[in-house]
């Protein structure tokens, strides 16, 4: 049974705090853009801070109509890192076939597989037998992430905003997952998604996420601070006044 007083995890301790994250300090952190909009991905990639892309069926449905394969190809063309593409099939055989199709498009395509008991076999076969990288998605608990790692997943996606919606501590879930990776020596990277505000991004990194995937809107908000704008305006005003007085040329 899950305890509502802690987090949605029953097998790992929920006492891991942000400061207790077991992630090694030397491990890199990365920012991904969560979008299926080619122009948006291109804008984000041009900033030099985004190293990958995650897509999902909802984002793809909201994007401009057209060939999904061509859209993924355009995204790959403007981003240097991995691009996650999610399977929609439900049976194991269909998921394997769909995953193989996506993986054939480009070596940088990572197949997103939603977490379920049935999908564990799919994850295992894709990673261990077909050498196809898998991003296990829609996870809300460290228990689920632990199973994904054991099955061989390259990425474990935790939905921070949705975890918080249930009243649980998303930081603790990330911390538990990071501890499990460390103790089990799994070659798996935590992707924190479902960002609702910039504070979620910051806290997810500090809690132990290797990667945070976010919308372009929140990425833009990260660069903005009203006090920064006030300070820039103040400095410019002082410079302009000095030039008017002839003190600067």
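Numbering (this note's numbering), first residue to last: 133 to 381. Where is the CB? At the ideal position from N, CA and C, for every residue including glycine. In this text the structure is predicted, and so the values were computed from the model without any measurement.
Rounded separation between residue i and residue j - CA only
i           : j           : result
residue 424 : residue 367 : Summary: the structure shown does not reach residue 424, with the chain confined to residues 133 through 381, and so no result is reported for it.
residue 378 : residue 369 : 14 Å
residue 244 : residue 288 : 10 Å
residue 424 : residue 371 : With the chain represented from 133 up to 381, any question about residue 424 goes unanswered, as that position is not in the structure.
residue 362 : residue 374 : 18 Å
residue 163 : residue 182 : 5 Å
residue 280 : residue 255 : 8 Å
residue 331 : residue 210 : 28 Å
residue 380 : residue 354 : 35 Å
residue 228 : residue 278 : 21 Å
Of the listed residues the options, nearest to residue i (C-alpha basis)
i           : options               : result
residue 297 : 328, 284, 262 and 288 : 328
residue 275 : 259, 266, 262 and 307 : 307
residue 267 : 350, 343 and 361      : 343
residue 184 : 304, 254 and 208      : 208
residue 273 : 332, 257 and 302      : 302
Three-state class that DSSP yields for residue i in the structure shown
i           : result
residue 145 : Any reading at residue 145 must be qualified, since the residue scores a pLDDT of 34, below 50, and its modelled position is unreliable; the value itself is stated next. Of the three classes helix, strand and coil, the one that applies to residue 145 here is coil, per DSSP.
residue 268 : strand
residue 216 : strand
residue 166 : strand
residue 346 : strand
residue 200 : helix
residue 234 : helix
Contacting residues, own chain, Cβ-Cβ under 6 Å from residue i (five flanking each side not counted)
i           : result
residue 169 : 195
Same chain, Cβ closer than 8 Å to residue i, neighbours up to 5 away in sequence not counted
i           : result
residue 319 : 286
Evaluate the contact criterion for the stretch 202 to 216 versus the stretch 236 to 243: three or more CB pairs, one atom per stretch, below 8 Å. yes
At least three beta-carbon pairs within less than 8 Å, the stretch 165 to 176 to the stretch 347 to 357: The answer is yes - the stretch 347 to 357 touches the stretch 165 to 176, with three or more Cβ pairs under 8 Å.
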